[in-house]
DNA sequence: TACACTTGTCTAGATCAATAGACATTTGAG
DNA sequence: CTCAAATGTCTATTGATCTAGACAAGTGTA
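In C-alpha cells, the structure reads:
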C-alpha cells in the first residue's frame with residue numbers, strides 16, 4: 001500500500017527531524033509492536049517520499065536518544081517505547097502517581113532561594129506582592145531519564161524551613177508534614193505546550209527542537225488556602241498527562 | 246544588558262523558527278506589553294546572537310501568522326497576544342468554557358461515518374470490539390481562527406442518530422439530549438504534546454513545525470457508562486488547557 | 001553456499017539556511 | 001528641515017540539508 005505520509009518542506013523544520021518525530025510517535029503508539037522493529041529504511045523513505053539518506057538522519061537521531069538500535073543486515077530494532085503517564089487529580093502526588101510505571105524515581109534539588117513574591121506567584125498563593133516566598137528548583141527522573149524540571153513556591157511565613165526539610169526528606173509531602181500540614185489538594189492546573197528553551201534542553205537531556213508540556217499548578221490545604229504554586233516542564237516525548245475528574 | 250538568549254544550531258530546527266517560537270512565547274507572556282511593540286530587529290539579533298536577516302525571517306513568519314505587523318520606520322507592532330484558555334473539569338462543555346474569551350464560536354462538521362469499534366475506542370467506550378460506533382469529525386474555531394480538530398466516537402446502539410442530530414443542532418450536548426441523555430460528566434482526559442502532522446497543519450491553518458496538544462477524553466453518563474470517546478488536537482500556540490480539580 | 005534483504009559508507013550536486021555588508025526608504029522627534 | 005532610528009531590499013558567500021546513485025558489509029533463509 002505505502003500510504004504517503006506528509007512532511008512539509010521549507011518550514012524551518014528539517015525533514016529528518018519531522019520524520020524522527022513521526023517515527024517516535026508511531027513507536028509510542030505501538031504501531032510497530034508486531035515486529036518489534038522499525039520498517040526498513042527504503043520503505044520509510046517511500047512512505048515519506050524522501051531519500052533514504054534523509055530517513056537515516058532521522059533514525060540516527062532516534063538512536064542517539066536511545067529509542068532504537070540499528071543492526072547491519074537485520075534492521076532497526078525498537079529499544080524503548082513507553083511514554084510515562086502522569087496522573088493529575090485532586091490528590092496529585094508526584095512519586096505516587098508514577099508508581100509502577102518506573103522502577104526508580106528521583107527528585108534532585110537544583111537550588112533554593114528566598115525571594116519576594118511577584119505578580120503571578122503572589123496571585124496564585126493568595127499573598128501580597130513583596131511577601132517572602134521560598135523557591136525550590138528541582139529536576140525529577142524516572143529510571144535515570146529526566147522527566148521534568150520544576151520551580152515551586154511556598155509562602156515563607158507559613159513554611160519557613162521548606163528548603164531544609166525538603167533537602168532532608170526528599171519529599172514535598174513530608175516537608176509539609178514537618179510544618180504541621182498533613183493534607184493538601186490540587187486546586188488548578190494550567191497546561192501549555194511549547195518548544196523547550198536551551199536551559200530545559202540541557203536539564204532534561206533533550207535534543208533541540210523538542211517539546212515541553214509546561215504546567216502551572218496550585219495546591220491548597222483543606223481550608224482552601226494555597227500552600228504551593230509550582231511551574232513544571234515535562235519532556236513531552238516521554239510523558240503524557242492524565243487528568244482524572 | 247542584552248541577555249544572550251540561547252538558540253541551538255544543527256538540530257534540524259532552523260534558527261529563524263526557534264526565534265519565532267521564542268518571540269511568540271514572549272508576546273503571549275506579555276513581555277513586550279509596555280511598548281506594544283517587538284524590540285527592533287538589531288536588538289533581537291544581538292540578544293539571540295544571530296544576524297539581523299535571521300531575525301527578519303522569524304518576524305516574517307510571525308507576520309504571516311498575523312501576530313505582528315511591521316511598519317517601515319516605526320517598528321514591528323504586536324497585533325494579537327491572547328492564548329485562549331480551555332477549561333477541563335467534570336462538567337467540560339466546549340462552547341461554555343471559552344465563554345467570554347472569544348466572541349464567536351463555531352464547530353463545523355467535517356464528516357461522519359459509521360464504523361466498528363477497534364482497540365482503544367472499544368476499551369474507552371466499554372463496548373465489545375466490532376460493535377458499531379458513530380464517528381464525528383469536527384473542527385472548532387474561535388473568532389474565525391481554528392482552535393481544534395476532533396474525532397469523537399459514540400456507541401451507535403445507544404445514540405443511533407448522533408450524526409443527524411449534531412448536524413441540525415450543532416451541539417453535542419443537545420444531540421445527547423435528543424437521545425434522552427440530559428447530563429454527562431468528563432471521566433478522564435489524557436494529554437500529550439507533539440508536532441502537528443500535515444493534515445492538522447492544514448485544518449488548523451498552522452505553519453509547519455507547530456505543536457499540538459492532543460487530548461483523549463471520555464465522557465460518561467451519571468451512572469458511569471461511557472457515552473463519548475473523543476480525540477482532539479488543539480493548536481498549542483493559541484490555547485492553554487486549564488484543569489480544575 | 002547462494003541469495004535476498006538490510007544497514008553502512010562514499011561521492012557529487014542541488015537547494016535551503018545563515019552570515020556579512022551596503023544602501024534605500026519611511027517614520028517620528030527635535 | 002534635519003537627523004537618528006527603524007524596516008526594506010539587494011548581492012555575495014559559507015555551511016547545512018536533501019537528493020541521487022553506487023557499492024560494501026552483515027544477517028538470515030533456502
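Protein chains in written order, with the numbering used here: chain A, 1 to 245; chain B, 246 to 490.
For each residue, glycine too, the CB sits at the ideal point set by N, CA and C.
As the structure is a computational prediction, the values presented were derived from the model and not from experiment.
Pick helix, strand or coil for residue 372 of chain B, following the three-state DSSP scheme. Stepping through the second chain from its first residue, residue 372 of chain B is reached at position 127. Coil.
Suppose contacts are defined by Cβ-Cβ distances below 8 Å. Is residue 169 of chain A in contact with residue 136 of chain A by that definition? Translated into the one-based positions of the first chain, residue 169 of chain A becomes position 169. Translated into the one-based positions of the first chain, residue 136 of chain A becomes position 136. For residue 169 of chain A and residue 136 of chain A, no; Cβs fall outside 8 Å.
Out of A:185, A:203, A:201, A:195, which has the shortest C-alpha to C-alpha gap to residue 227 of chain A? Here residue 227 of chain A refers to the residue found at position 227 when the first chain is read from its first residue. Comparing Cα positions, the closest option is A:185.
Apart from the five residues just before and just after residue 315 of chain B, which ones in its own chain have a Cβ nearer than 8 Å to its Cβ? The sequence position of residue 315 of chain B within the second chain is 70, counting from 1. Result list for residue 315 of chain B: 304, 308, 321, 322, in chain order.
Could you check where the alpha helix (DSSP H) with residue 109 of chain A kicks off and where it finishes? Along the first chain, one-based indexing puts residue 109 of chain A at 109. Per DSSP, residue 109 of chain A belongs to no alpha helix (DSSP H); it is in the beta strand (DSSP E), 105-116.
Consult DSSP for residue 262 of chain B and reduce its assignment to one of helix, strand or coil. In the second chain, the residue the question calls residue 262 of chain B occupies position 17. Residue 262 of chain B falls in the helix class under three-state DSSP.
When the cut-off is 8 Å and only beta carbons count, does residue 21 of chain A lie next to chain B? Your numbering for residue 21 of chain A matches position 21 in the first chain. Yes - at least one Cβ of chain B is within 8 Å of the one on residue 21 of chain A.
Is it true that the stretch 450-469 of chain B meets the stretch 144-153 of chain A, where meeting means three or more beta-carbon pairs spaced less than 8 Å apart? no
Could you please give me the residues that DSSP links to residue 138 of chain A through a beta bridge? Numbered from 1 along the first chain, position 138 holds the residue referred to as residue 138 of chain A. BP columns for residue 138 of chain A point to A:109, A:150.
Range covered by the beta strand (DSSP E) that runs through residue 70 of chain A: Position 70 of the first chain, counting from 1, holds the residue named residue 70 of chain A. Residues 68-71.
Quick one: what's got a C-beta closer than 7 Å to residue 90 of chain A's C-beta in the same chain, skipping five residues either side? Here the question's residue 90 of chain A lines up with position 90 in the first chain. The residues are 185, 186.
What's the gap between the Cα of residue 474 of chain B and the Cα of residue 211 of chain A? As a first step, residue 474 of chain B is located in the second chain; it is residue number 229 there, counting from the start. As a first step, residue 211 of chain A is located in the first chain; it is residue number 211 there, counting from the start. C-alpha separation (whole angstroms): 26 Å.
Beta-carbon proximity of residue 88 of chain A to residue 240 of chain A, cut-off 8 Å: For the purposes of this step, residue 88 of chain A is identified with residue 88 of the first chain, where counting begins at 1. For the purposes of this step, residue 240 of chain A is identified with residue 240 of the first chain, where counting begins at 1. Result no, Cβ atoms of residue 88 of chain A and residue 240 of chain A do not sit closer than 8 Å.
Once you ignore the five residues that flank residue 181 of chain A on each side, which residues in its own chain have a CB closer than 7 Å to its CB? Reading the first chain from its first residue, position 181 is the one you call residue 181 of chain A. If we look at residue 181 of chain A and ignore the five residues flanking it on each side, its Cβ neighbours are 221, 227.
With residue 440 of chain B as the anchor, note down where its alpha helix (DSSP H) starts and where it stops. Counting from 1 along the second chain, the entry for residue 440 of chain B is found at position 195. Residue 440 of chain B -> not in any alpha helix (DSSP H); beta strand (DSSP E) instead, spanning 430-440.
Just list the residues that DSSP pairs residue 235 of chain A with in beta bridges. For the purposes of this step, residue 235 of chain A is taken as residue 235 along the first chain, with counting starting at 1. For residue 235 of chain A, which the question treats as bridged, DSSP gives the partners A:212.
Test: residue 227 of chain A CB closer than 8 Å to a CB of chain B: Reading the first chain from its first residue, position 227 is the one you call residue 227 of chain A. It does not: the Cβ of residue 227 of chain A has no partner Cβ on chain B nearer than 8 Å.
With 16 as the cutoff for other CB atoms within 10 Å, does residue 167 of chain A come out buried or exposed? Here residue 167 of chain A refers to the residue found at position 167 of the first chain. Under this definition residue 167 of chain A is an exposed residue.
Here's a check: name, in chain order, each residue in its chain whose Cβ is nearer than 7 Å to the Cβ of residue 56 of chain A, leaving out the five neighbours to either side. Against the first chain, residue 56 of chain A aligns to sequence position 56. Excluding residues within five positions, the ones whose Cβ falls inside 7 Å are 41.
With residue 53 of chain A and residue 263 of chain B assumed to form a contact (beta carbons below 8 Å), what rounded beta-carbon distance in angstroms separates them? Counting from 1 along the first chain, the entry for residue 53 of chain A is found at position 53. Counting from 1 along the second chain, the entry for residue 263 of chain B is found at position 18. Not confirmed; about 24 Å, so no contact.
Grab me the residues of residue 232 of chain A's own chain with a C-beta within less than 6 Å of its C-beta, minus the 5 sequence neighbours each way, in chain order. Walking along the first chain from the start, residue 232 of chain A turns up at place 232. Closer than 6 Å at the Cβ level, and outside the excluded window around residue 232 of chain A, lie 148, 150, 215.
Span separating the alpha-carbon of residue 424 of chain B from that of residue 338 of chain B: Start at 1 with the first residue of the second chain, and residue 424 of chain B comes out as number 179. Start at 1 with the first residue of the second chain, and residue 338 of chain B comes out as number 93. So the two alpha carbons sit approximately 18 Å from each other.
Quick check on residue 3 of chain A: does DSSP put it in helix, strand or coil? Stepping through the first chain from its first residue, residue 3 of chain A is reached at position 3. At residue 3 of chain A the pLDDT is 45, less than 50, meaning the model places this residue with poor confidence; the figure from the coordinates comes in the next sentence. Correct three-state label for residue 3 of chain A: coil.
Contacting residues, own chain, Cβ-Cβ under 8 Å from residue 84 of chain A (five flanking each side not counted): Counted from its first residue, the first chain places residue 84 of chain A at position 84. These residues qualify, in order along the chain: 98, 101, 102, 142, 147, 238, 239, 240.
Residue 54 of chain A - DSSP class collapsed to helix/strand/coil: For the purposes of this step, residue 54 of chain A is taken as residue 54 along the first chain, with counting starting at 1. The answer is helix: DSSP assigns residue 54 of chain A an H, G or I state.
So residue 225 of chain A packs on residue 126 of chain A, CB below 8 Å; how close in whole Å? Your numbering for residue 225 of chain A matches position 225 in the first chain. Your numbering for residue 126 of chain A matches position 126 in the first chain. 7 Å between Cβ atoms; contact.
Backbone CA spacing between residue 437 of chain B and residue 419 of chain B [nearest angstrom]: Residue numbering aside, residue 437 of chain B sits at position 192 when the second chain is read from its first letter. Residue numbering aside, residue 419 of chain B sits at position 174 when the second chain is read from its first letter. Looking at the two C-alpha atoms, the distance is approximately 29 Å.
Report buried or exposed for residue 128 of chain A, applying the criterion of at least 16 other Cβ atoms within 10 angstroms of its Cβ. As a first step, residue 128 of chain A must be located in the first chain, where it is residue number 128. Answer is exposed; the Cβ neighbour count stays below 16.
Chain B partners of residue 242 of chain A, CB-CB under 8 Å? Translated into the one-based positions of the first chain, residue 242 of chain A becomes position 242. The answer, in chain order, is 433, 434, 435, 436.
Between which two residues does the beta strand (DSSP E) harbouring residue 320 of chain B extend? Counted from its first residue, the second chain places residue 320 of chain B at position 75. Taken as a continuous stretch (DSSP letters only), the beta strand (DSSP E) holding residue 320 of chain B covers 320-323.
Close Cβ partners of residue 306 of chain B (< 8 Å) along its chain, the five nearest in sequence each way excluded: Position 61 of the second chain, counted from the start, is the residue given in the question as residue 306 of chain B. Excluding positions up to five away in sequence, the list reads 261, 262, 265, 452.
Express the C-alpha separation of residue 183 of chain A and residue 80 of chain A in angstroms, rounding to a whole number. To locate residue 80 of chain A, count along the first chain from 1; it is residue 80. To locate residue 183 of chain A, count along the first chain from 1; it is residue 183. Straight-line Cα distance between these residues: approximately 37 Å.
So, with DSSP's three-state summary, where would you put residue 228 of chain A? For the purposes of this step, residue 228 of chain A is identified with residue 228 of the first chain, where counting begins at 1. Three-state DSSP puts residue 228 of chain A in a strand.
Rounded distance between the beta-carbons of residue 132 of chain A and residue 156 of chain A, thought under 8 Å: Taking the first chain and counting its residues from 1, one reaches residue 156 of chain A at position 156. Taking the first chain and counting its residues from 1, one reaches residue 132 of chain A at position 132. Indeed, because the Cβ distance is near 4 Å, the residues count as touching under 8 Å.
Where the alpha helix (DSSP H) containing residue 102 of chain A begins and where it ends: Translated into the one-based positions of the first chain, residue 102 of chain A becomes position 102. Premise fails: residue 102 of chain A is in no alpha helix (DSSP H) and is neither H nor E.
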